[in-house]
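Student: If you read the protein sequences in the order shown, they are chains A and B. In terms of my numbering, the first sequence is residues 1 to 485. In terms of my numbering, the second sequence is residues 1001 to 1597.
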Amino acid sequence: MQRPVPSREKRKKEKQEDKSIPPAPAQETPKTVLLKTESSPVASTPQHEIKQPESFPPPIAVPPSAISQQKSESPPPPGPPPRYHPQVHESKSSSVSVPTYHPVPSAFHGPIPQLRHRVARKPAFVDNYDLPSSYNETNLTLIARDPHWVHAYWEITPTAIEEIRSKIGSEFDRSTITLRMHDVTCVDFNGHNANRSFDIDVGPHAHSWYVNLWCDNVSYCGDIGVRSPEGNFYVLARSNMIETPRAGSSGRGEMIWMRVDDEEAEPPYVLVEETLEAKKAKGRSVKKVLPSFESKATRHRIYYLTEDDIRAYYSRLFPNLRRVLRRGKGSLGREGVDLSGRKYRIVLKDGEVIFDDILLKNLSKRQFLKKILGGASEELFEIGELGGSESAAKGGASERKELAKRRQFFFELWTELLVYGRTEPDAEVWHGNKWVKLRDDGTFSLRFALPDGRIPLEFVALSKDKTDKRSIVTAVERQKTIYHP
Amino acid sequence: MDYKGYLCLVLHAHLPYVRHPEEEYFLEENWLYEAITETYIPLIEVYDRLVKDGVDFRITMSLTPPLASMLKDPLLQERYLRHIDKLIELAEKEIERTGFEPLYHGLALMYHRRFVEARDVFVHKYKRDLTTAFKKFQNLGVLEVAASCATHGFLPNLRVNESDVRAQIFTGIDNYRKVFGRDPKGFWLPECGYYPGVDKILKEAGIRYFFIDSHGILNADPVPRYSVYAPVYCPTGVAAFGRDWESSKQVWSSKEGYPGDPDYREYYRDIGYELEYDYIKPYIHHCGFRINTGMKYWRITGNTEYKEAYRPDWAREKAATHAGNFMFNREKQVEHLSAHIDRKPIIIAPYDAELFGHWWFEGPMWIDFLARKMAYDQKTVRLITPTEYLREYPTNQMSLPSASSWGWKGYSEFWLEGGNDWLYPHLHAAGRRMVRLAEKYRSFLKTASKRTLIRRALNQAARELLLAEASDWPFIMKTGTMVPYAHKRFKSHISRFTRLYEDLMKGQVDGDWLREVEWRDNIFSDLDCVSYYLSKTEGQTASESKEHPESCEKRIPEEFMRPISGIKAEKTTGPRTKMAAFHATKSRERRKAVLVS
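1. Around the Cβ of A/Gly169, are there at least 16 other Cβ atoms within 10 angstroms (buried) or fewer (exposed)?
2. For the segment 176-194 of chain A against the segment 224-242 of chain A, are there 3 or more C-beta pairs whose distance is under 8 Å?
3. Distance cutoff 8 Å, beta carbons only. Does A/Ser208 sit that close to anything in chain B?
4. Decide yes or no for the touch test of the segment 1319-1326 of chain B against the segment 1245-1264 of chain B: beta carbon pairs closer than 8 Å, at least 3 of them.
5. To be precise: take each residue of the segment 242-257 of chain A, compare its Cβ to all Cβ atoms of chain B, and keep it if any distance is under 7 Å. Which residues remain?
6. So, B/Ile1169 versus B/Ile1201, is the Cβ gap smaller than 8 Å?
7. Using a cut-off of 7 Å between C-beta atoms, extract the partners of A/Tyr129 located in chain B.
8. Quick check on this structure: which residue in B/Lys1203, B/Arg1079, B/Glu1335 and B/Asp1053 has the alpha carbon closest to the alpha carbon of B/Leu1027?
9. Run through the DSSP bridge pairs and tell me what B/Met1398 is partnered with.
10. Below 8 Å on the Cβ atoms is my guess for B/Arg1299 versus B/Arg1265; work out the distance and round it to an integer in Å.
11. Please list, in chain order, the chain A residues whose beta carbon lies closer than 7 Å to that of B/Leu1416.
12. Sorted by chain position, which residues of the same chain lie with C-beta nearer than 6 Å to A/Ser463's C-beta, five sequence neighbours on each side aside?
13. Report the three-state DSSP secondary structure of B/Asp1352 (helix, strand or coil).
14. List, in chain order, every chain A residue whose beta-carbon is nearer than 8 Å to that of B/Gln1397.
15. Hey, how far is the Cα of B/Ile1291 from the Cα of B/Tyr1003?
16. What does A/Tyr135 touch in chain B if you count any residue whose Cβ is under 7 Å from its own?
17. B/Arg1122 and B/Ile1088: beta carbons closer than 8 Å?
18. Could you give the first and the last residue of the continuous beta strand (DSSP E) run that contains A/Tyr210?
19. Against chain A, with Cβ distances strictly below 8 Å, would B/Val1121 count as a contact?
20. Quick one: which unbroken beta strand (DSSP E) runs of 3-plus residues sit fully inside the segment 132-206 of chain A? Chain order, please.
21. Assuming contact is defined by CB atoms lying nearer than 8 Å, are B/Lys1491 and A/Leu131 in contact in what I supplied?
22. Can you say whether A/Ser331 is buried or exposed, counting buried as having 16 or more other CB atoms within 10 angstroms of its CB?
23. For B/Met1061, count neighbouring C-beta atoms within 10 Å of its own C-beta (all shown protein chains included) and say buried if the count is 16 or more, exposed if not.
24. How about A/Asn498 and A/Glu412: do their beta carbons lie closer than 8 Å?
25. Below 7 Å CB to CB, which residues in the same chain sit around B/Trp1473 once its five sequence neighbours on both sides are set aside?
26. Return the CA-CA distance between B/Leu1130 and B/Thr1236, expressed in angstroms with no decimal places.
27. Return the bridge partner residues of B/Cys1008 from the DSSP annotation.
28. Kindly confirm or deny that the segment 1181-1189 of chain B and the segment 1397-1404 of chain B touch, where touching means at least three C-beta pairs closer than 8 Å.
29. Less than 8 Å between the beta carbons of B/Tyr1104 and B/Ala1339, yes or no?
30. Assign B/Pro1231 to buried or exposed, taking buried as 16 or more other Cβ atoms, counted over all protein chains shown, within 10 Å of its Cβ.
31. Let me know the alpha helix (DSSP H) ranges lying completely inside the segment 1376-1459 of chain B, each 4 residues or longer, listed in chain order.
32. What does DSSP give as the partner residues of B/Asp1221 in its beta bridges?
33. Can you tell me which of B/Val1228, B/Val1238 and B/Cys1234 puts its alpha carbon nearest to the alpha carbon of B/Trp1245?
34. Who are the neighbours of A/Asp261 on chain B, taking C-beta pairs under 7 Å?
35. Would you report the Cα separation of B/Leu1140 and B/Phe1134, rounded to the nearest angstrom?
36. Using C-beta distances below 7 Å, list every residue in its chain close to B/Val1116, excluding the 5 sequence neighbours before and after it, in chain order.
Encoded structure:
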């Protein structure tokens, strides 16, 4: 569309008449804004684009008819829908008379003709492409990118830094900004009970980080803070809680069904069949799920599950669904119903959980290391996640439940075992059938998780020429932990 | 008739909201015009022909709110007319120019006819509003349109603030009600981005099902027995349909897929780039740089620079062959599957609608052939919509799908990497600020009329936030084309939001500036956008109150609330009765709503 010259001239005149509001800086404002575009790594790219509209010969926003309307008050002409005209019209006239956009410059009458010319042509609307450089909140946010990566970004305000500096004094100068990541899978996190944590020294200039995890399907929570060389950690902000996606298929094969119609929805249910053998074997009423659907014969009974059951079922995986467990109200292991498949059965006996051997055999070595040794304290839940039954969660959770009940005051105890020794630097040391790596000076040390039970320790040292052999056999036993309420 | 299985064809139609009233011509607006000419109108024509011929077919589509809003926008409608008139003029010139080149002359005639037809469909048949076409087919029962998020926000990255996710979903659904005059059954999660928990909000909004990528189902917990060939219910009762990778690859893949066939039209050779500059100048960008015009005379030919003339009859034959091949493969697949599972499998084949027609010129033709062949040439597979499938199989396994997306690598990486992660601090902070605003003005919002300055400013702030949340901006930044535009859009929305926020916190809003911004970003101007950011009761956070299905009544705009009078869902204890009451209320509303309209 061609813009008729007269109308432009008219507008120019209007503006010049209105001496109190010289329009020149309207051009300047966006420019200065451009220059201080924030230091984001990508900020350089858009600068070209921002200028682009200016370089287009006619940046016309108003059909000529709308401008002529300004003077003549005639009814809107036919053609383009009328709803746009009044708005344009008003914004045009107003923008000339609103001083907010056009602060009075000292040198309006100075010789900058080309600027004045361009201002007259430019739509007076001033857009700002400057993003807020800070939101003045100390915070940390995590986003799960994929099963093994988490994106963290944070902002620390100067006041927060000052506060912490005044609190810890000179210790601050020796400290570093640290991102502490807590694995809170299946934990009702209170700041101290993470399964494990690790620190990343992020330095004072970073504002975001991609964190690599070695387990999928876990929950994480992060802290940003300062850590002194002595190991003191002062939290500045705690993040949101995230769950990373699962990277492979779930190990659980329970068949839970559900019927949802347009008009009504039934709660989920399982089909259960009683088997006498199971009763005999375990000495208690255990029922099995038969995963075939079409054989819904008379022998099968439908057990409807409540919302609480479902929550309990998933509780091990999604801590924010665990409200039920915390309340200590019902769980899926309702009397007589056991949702486990036959393969992985965990038996509940006198409130204590005993694993079937099968379960550990089914874990590959890598998984075992990852889930059990790496997981240190919470292995029970991790195993459950690989295909345990609900009763395991119930049993396992019972301790936790009690802890959770008294959340104001908590008390936990975990144990670890450190074994270390020394021999000739060129000798070989074996623990059972595992080779132990020696340091250069012939010392070695091993670290074990120490759960309840007995851990046999059998070490054999073999001299370099294979003639001398020494053996040390001992064992460490941790007594059954007793929790007094 | 006894079919062994079902095929569900899903076309996801989406374009970012690009509307620039402040510029006479705007290059990025061409995305819409090209898609209208090449995809939406050809698809509508295909549906029209199938309906006219009495072919029994079913297609599922999603028409995202930004796209629906653009199709309904008078300014863009006007500009589309200008665009198509220009194209017709170009085609007329081309007919003359190619008079002595029979191959190209035929093509010029073809394009001319297509453009004239498109104009006719646009102006006369559907009175400029193409959403009415999709509404018509939905009412005829051959098409099912699923709702989608307000501005195609990628939910797994927005979930940091639940209020943002809720606003995206509820705004999208209310927009759907306005456009299609009914409650949506299905929901298209943008980019298939699912995370456990989003189904809760969908349930609250009355949604029955959504789509998810294959690995979301395969990695679900517990393992779904039927893999992706039957839906699973999330624990909330919303069904998740998993995408079938076999059928996807056949169409999507640029190498093995159908669209790469040598006989098909080449997308990357356009006369906008090929013809003499002075001749083509009036039809390319008004600043003088060359752009696609939509007239392309060459076929893919092979992996060479040299391209031969396009032969429409050959391409048509190929499209028919490929439709036959696709159907044959689905038959075999269904036969194989039905031997292994004890119910009729459903194959979910979702595609971007713009693939058909825009990228793959023969795509709509292929759909036409496929629908006809499936109706008449075989008795194994039948086209179906998810709602019909759920009606046939209301009982499904319950399982919790795994977080996933259909993007590169299957998770969030495409929308969260070095080039675009700087967006999120701003998005999340703006989301928090929006809630703060809504809370600050809570009591005011209860009473104030729609046109008060403050309310308008609040609504505009919500609108700016929604527009900034579109997944298109990080997507464009990752793909690397038109990046400056995405930067500009994101920054302008965030800075407009920030200014509104600061003004509202101070309690002084500049009316003239606001009017200008309202005029520029006018999406959802008929919705009360700020209300989606209000938590239900004072002092209660959104997360605490999300478990009561009745409370979703609050989200429904007034005209949908009107019908229920005196009938209240009975409060009962059992989950079953509670659900039933909830659904009954919903359906009553729906029936009444239809009567009213």
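Even for Gly, the Cβ is constructed at its ideal location relative to N, Cα and C. Note that the structure is a prediction, hence the values are computed from the model and not measured.
Tutor: Short version:
1. Along the first sequence, one-based indexing puts residue 169 of chain A at 169. The residue in question, A/Gly169, is exposed, as its Cβ has fewer than 16 Cβ neighbours within 10 Å.
2. yes
3. For the purposes of this step, residue 208 of chain A is taken as the residue at position 208 of the first sequence. Yes, its Cβ sits closer than 8 Å to a Cβ of chain B.
4. yes
5. Pro245, Arg246, Gly248, Ser249, Ser250, Arg252, Gly253, Glu254, Met255, Ile256 and Trp257
6. For this step, residue 1169 of chain B is matched to residue 169 along the second sequence. For this step, residue 1201 of chain B is matched to residue 201 along the second sequence. In contact: B/Ile1169 and B/Ile1201 (Cβ atoms closer than 8 Å).
7. Numbered from 1 along the first sequence, position 129 holds the residue referred to as residue 129 of chain A. By Cβ distance, chain B contributes Lys1488, Lys1491, Ser1492 and Ser1495.
8. Counting from 1 along the second sequence, the entry for residue 1027 of chain B is found at position 27. Cα-wise, what sits closest to B/Leu1027 is B/Arg1079.
9. Within the second sequence, residue 1398 of chain B is the residue found at index 398, counting from 1. Answer by DSSP bridge pairing, in chain order: B/Tyr1233.
10. The sequence position of residue 1299 of chain B within the second sequence is 299, counting from 1. The sequence position of residue 1265 of chain B within the second sequence is 265, counting from 1. B/Arg1299 to B/Arg1265, Cβ: 6 Å. Contact.
11. Residue numbering aside, residue 1416 of chain B sits at position 416 when the second sequence is read from its first letter. Those within 7 Å of B/Leu1416 in chain A are Ile143, Arg145 and His151.
12. If you number the first sequence from 1, residue 463 of chain A lands on position 463. The residues are Ala427.
13. The residue labelled residue 1352 of chain B in the question sits at position 352 within the second sequence. Of the three classes helix, strand and coil, the one that applies to B/Asp1352 here is strand, per DSSP.
14. On the second sequence, residue 1397 of chain B is found 397 positions in, with the first residue counted as 1. Met255, Ile256, Trp257 and Met258, listed in chain order.
15. Position 291 of the second sequence, counted from the start, is the residue given in the question as residue 1291 of chain B. Position 3 of the second sequence, counted from the start, is the residue given in the question as residue 1003 of chain B. If you take the alpha carbons of B/Ile1291 and B/Tyr1003, they lie about 48 Å apart.
16. Residue mapping note: residue 135 of chain A aligns to position 135 of the first sequence, counting from 1. Result: Ala1429.
17. Along the second sequence, read from residue 1 onward, the residue named residue 1122 of chain B stands at position 122. Along the second sequence, read from residue 1 onward, the residue named residue 1088 of chain B stands at position 88. Checking the sequence, you will find Phe at residue 1122 of chain B rather than Arg. In this structure, B/Ile1088 does not lie closer than 8 Å to B/Phe1122 by Cβ.
18. Residue mapping note: residue 210 of chain A aligns to position 210 of the first sequence, counting from 1. Run containing A/Tyr210: Ser208 to Asn212, per the beta strand (DSSP E) assignment.
19. Locating residue 1121 of chain B in the second sequence gives position 121, counting from the first residue. Cβ-Cβ to chain A under 8 Å: no for B/Val1121.
20. 139-146, 149-155, 176-183 and 196-201
21. If you number the second sequence from 1, residue 1491 of chain B lands on position 491. If you number the first sequence from 1, residue 131 of chain A lands on position 131. Going by C-beta atoms, B/Lys1491 is nearer than 8 Å to A/Leu131.
22. Reading the first sequence from its first residue, position 331 is the one you call residue 331 of chain A. For A/Ser331, the pLDDT reaches just 35, beneath the cut-off of 50, and the residue's location in the model is therefore unreliable, although a value from the coordinates is still provided. So A/Ser331 counts as buried.
23. Start at 1 with the first residue of the second sequence, and residue 1061 of chain B comes out as number 61. Under this definition B/Met1061 is a buried residue.
24. Summary: the structure shown does not reach residue 498 of chain A, with chain A confined to residues 1 through 485, and so no result is reported for it.
25. By one-based count along the second sequence, residue 1473 of chain B stands at place 473. These residues qualify, in order along the chain: Leu1423, Ala1486, Arg1489 and Phe1490.
26. By one-based count along the second sequence, residue 1130 of chain B stands at place 130. By one-based count along the second sequence, residue 1236 of chain B stands at place 236. Straight-line Cα distance between these residues: approximately 35 Å.
27. For the purposes of this step, residue 1008 of chain B is taken as residue 8 along the second sequence, with counting starting at 1. Its beta-bridge partners are B/Ile1348.
28. no
29. Sequence index remark: in the second sequence, residue 1104 of chain B carries index 104 (1-based). Sequence index remark: in the second sequence, residue 1339 of chain B carries index 339 (1-based). No, they are not a contact pair.
30. As a first step, residue 1231 of chain B is located in the second sequence; it is residue number 231 there, counting from the start. Counting Cβ neighbours within 10 Å, B/Pro1231 comes out buried, since at least 16 surround it.
31. 1386-1392, 1423-1440 and 1442-1447
32. Numbered from 1 along the second sequence, position 221 holds the residue referred to as residue 1221 of chain B. B/Asp1221 pairs with B/Leu1400.
33. For the purposes of this step, residue 1245 of chain B is taken as the residue at position 245 of the second sequence. The residue with the shortest Cα to Cα distance from B/Trp1245 is B/Val1228.
34. The residue labelled residue 261 of chain A in the question sits at position 261 within the first sequence. Within 7 Å Cβ-Cβ: Pro1394.
35. If you number the second sequence from 1, residue 1140 of chain B lands on position 140. If you number the second sequence from 1, residue 1134 of chain B lands on position 134. Approximately 10 Å between the Cα atoms of the pair.
36. Counting from one through the second sequence, the residue named residue 1116 of chain B turns up at place 116. Around B/Val1116: Ile1088.
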